[in-house]
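Numbering-wise (this note's numbering), the sequence shown opens with residue 846 and increments by one.
Worksheet: one structure, shown below.
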Amino acid sequence: MKKILTMLIMCMALTPKIDAQTYTPTAGNLAARNTFQDLKFGLFIHWGIYSELGRGEWVMNNDHISYKNYKRLADFFNPQSFSARDWVRFAKSAGMKYITVTSRHHDGFSMFGTKESPYNIVDATPYHKDPLMELAKECAKEGIQLHFYYSLLDWGRPDYAYGSRIVDGKPVNGNWESYISFMKKQLTELITKYPGVKGIWFDGHWERKTADWHYDEIYGLIHQLNPSILVGNNHHLEPKAGEDFQMFEKDLPGNNLTGFSGEAKIGELPLETCETINKSWGFDLSDNNYKSSAQLIHYLVGAAGRNANFLLNIGPMPDGKIQSEFTDTMAIVGKWMKQNGESIYGTRGNIVPPQPWGVITHKNKTFYAHIMVWPQENYIFIPKFKGKISKAELMGTKTAVRYKQQEEGAFVYLDGIKSLPYDTIIQLQ
Ligand code: FHN
C-alpha cells in the first residue's frame, strides 16, 4: 500500500496540473525553460504553399485570392530540392541552436502529414512526403531543438468562419467547438508523432481578441502529452497562465517600434524576440531589404543583453532551397558566433539596463560588456555594477583593461583598445 501511495505521489509530481489557470510547471518544464534560455539563437522558418507565389505568407489575404483558387497552389507544390540536412546544417553553421518551423500558417495548409485534414503536404501535393518529419529526425540527430509554429487563425476552414463577428466569446458563424477540437487533434499529432519536439509557438490570437480560445484545454492538453514542452503565444500581450515563454515580434523586449508590443508587459517567463532577415516572413521575390551581418549580430547581442533569445526568420524558396543572400550573411554571423559565442550562449542579461554603448551579459562569475557603439570618451560606465571586479580584459586576448569601481558604478577604460568590427567585448571577472 505504502509503495502504491509513493508511486502515486511521484506520478502527481511529474504531471502538470491540466487547468491552465492554476498551471504549475513541472521540474522538467522548468529545466526545459532554463535550457531554452541557454540556447539564445534560433532559426525561424516560414515555408508553405504561399512560397510559390514569392509575395510573402499573407498573399492569399493581401491579394484577395479566394480559398478555392488558392488551394490550387497545392496541386503543384513539389519542393524537390528540400533537404532537412541542408536546413539543419545552415542553422548550425550560423550558430543557431534551435529551429521553429511553420507547421500550419494562416492559410490553413498543413505542412505535415495530418489525418485531421486532407489539405496537407502529403495528401494534397505531388510531393507526397512529410518535410517536417524529416526535419524532426534530422534535428534530433544533430542536437538541434525543434519547435512548431502553429496558427490559431485560419482563413479558409468553414468551422473557423474567418471574418465572423464574435459574440459571447464565439464566432456567430462557423462551428467554434469543431475548430477547437480540430486544433487539439492536430497538436496531439505534432507532439506525439514527431520526435523530440520541444516547443509550440502559437500565432493569430490577435485576430479574435475577444474569443474564448479554450487555452486552458489546449495548453493543458499539450502539457499533459508532454509536460516539458514549452508553450508560447504571439498574442502581443502579457503572458497568460499555461505559457512557458514570452515572445516579442520585431521588437527587443522593452521596445515598441512596430506597434505590436504596446500591451506586451514583460512577465517573469523566458523571453524570445523574432525578426526577419529581410522584411518578409515568407519567401518574397521583390524584397531586397536584407539586413547586414552587423545589424543581425547587434540584434542578437542586444537581445541577449535584455535576457532574450533571438529567433531569426528566413523564408525558403518554393523548391526548399535557401537563397544565397541568406546563406552568405549567416556564414558571417556563424563565424562571429564561433569566436564570440562564449559571451552569448548560456548567459543571462538584464544585469544593468541597455547603455548608449551596448549591453552586458553574464555567466557564472564572468560579465561581458558588449561595446557596439564606440563611446566619445575613453571609457564606458556601467551603472550600479555590484560585486568586486578582480580582473578586466579584452575577450579573446589577454590584453588587460584598466578599470575603476565606485559607489555609483564601474568605469572601464578603453585607451589602447582598438574597436573591433561588430562588437568589442570586455570580460570582467
Ligand atoms: O501574421 C503573422 C505573420 O505572418 C508572421 O507569422 C508573424 C511572425 O511573428 N506573426 C504574425 C503577425 O503577428
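In this text, a Cβ means the ideal position worked out from N, Cα and C, and glycines have one as well.
Taking residue i and residue j to be in contact with their CB atoms under 8 angstroms, please state how far apart those CB atoms are, rounded to whole angstroms.
i     : j     : result
H1081 : W1051 : 6 angstroms
K1043 : L1075 : 6 angstroms
G1150 : G1112 : Not a contact, Cβ separation roughly 19 angstroms.
G1165 : S962  : No, G1165 and S962 are not in contact; Cβ-Cβ is about 22 angstroms, not under 8 angstroms.
L1284 : I1225 : What is shown of the chain runs 846 to 1274, which leaves residue 1284 out entirely.
G1019 : P1040 : With 8 angstroms as the limit, G1019 and P1040 do not qualify as a contact, their Cβ atoms being about 34 angstroms apart.
G893  : H950  : 5 angstroms
M956  : T947  : 6 angstroms
I1063 : K1030 : Actually they are not in contact, since the Cβ atoms of I1063 and K1030 sit about 11 angstroms apart, beyond 8 angstroms.
N906  : W1000 : 6 angstroms
I1122 : K1136 : 6 angstroms
D975  : I989  : Rounded, the Cβ-Cβ distance is 18 angstroms, inconsistent with contact.
N874  : P1161 : 31 angstroms between Cβ atoms; not a contact.
Three-state secondary structure (DSSP) at residue i?
i     : result
Y1064 : helix
Q1168 : coil
R1053 : helix
L859  : With a pLDDT of only 48 at L859, under the threshold of 50, the placement of this residue in the model should not be trusted, and no figure is reported.
T871  : coil
V1218 : coil
Y964  : coil
Q1274 : coil
H1207 : strand
Q1250 : strand
T1269 : strand
L884  : helix
A1255 : strand
P976  : helix
E1083 : coil
E1238 : strand
I1225 : strand
Q1200 : strand
A1245 : strand
F1105 : coil
T921  : Reading off the sequence shown, one finds Phe at residue 921, where the question assumed Thr. Here F921 sits in helix by DSSP.
T851  : Any reading at T851 must be qualified, since the residue scores a pLDDT of 47, below 50, and its modelled position is unreliable; the value itself is stated next. The answer is helix: DSSP assigns T851 an H, G or I state.
M846  : Residue placement at M846 cannot be trusted, given a pLDDT of 43 that sits under 50; what the coordinates show is reported in the next sentence. The answer is coil: DSSP assigns M846 none of H, G, I, E or B.
I1262 : coil
Per DSSP, residue i forms a beta bridge with which residues?
i     : result
Q1091 : L1116
G1077 : W1046
T945  : F889 and H992
S955  : R949 and N965
T1121 : N1158
F1230 : In the DSSP output, where bridge partners are listed per residue, F1230 has none listed.
Beta carbon of residue i: closer than 6 angstroms to some heavy atom of the ligand ADP?
i    : result
W892 : The ligand ADP is not part of this structure, which contains only the ligand FHN.
If you follow the alpha helix (DSSP H) that residue i is in, where does it begin and where does it stop?
i     : result
D1129 : Run containing D1129: none; DSSP gives neither H nor E here.
R930  : A929 to S938
N914  : Y912 to Y915
Y1289 : With the chain running from 846 to 1274 in the structure shown, residue 1289 is simply not present.
Could you spell out the range, first to last residue, of the beta strand (DSSP E) harbouring residue i?
i     : result
N1134 : Counting along the chain, N1134 falls outside any beta strand (DSSP E), and DSSP gives it neither H nor E.
N1158 : A1153 to I1159
L898  : Run containing L898: none; DSSP gives neither H nor E here.
Y1190 : No beta strand (DSSP E) contains Y1190, which DSSP labels as neither H nor E.
Query raised in the report: What beta strand (DSSP E) runs, 3 residues minimum, are completely inside the stretch 985-1040?
Result: 990-996
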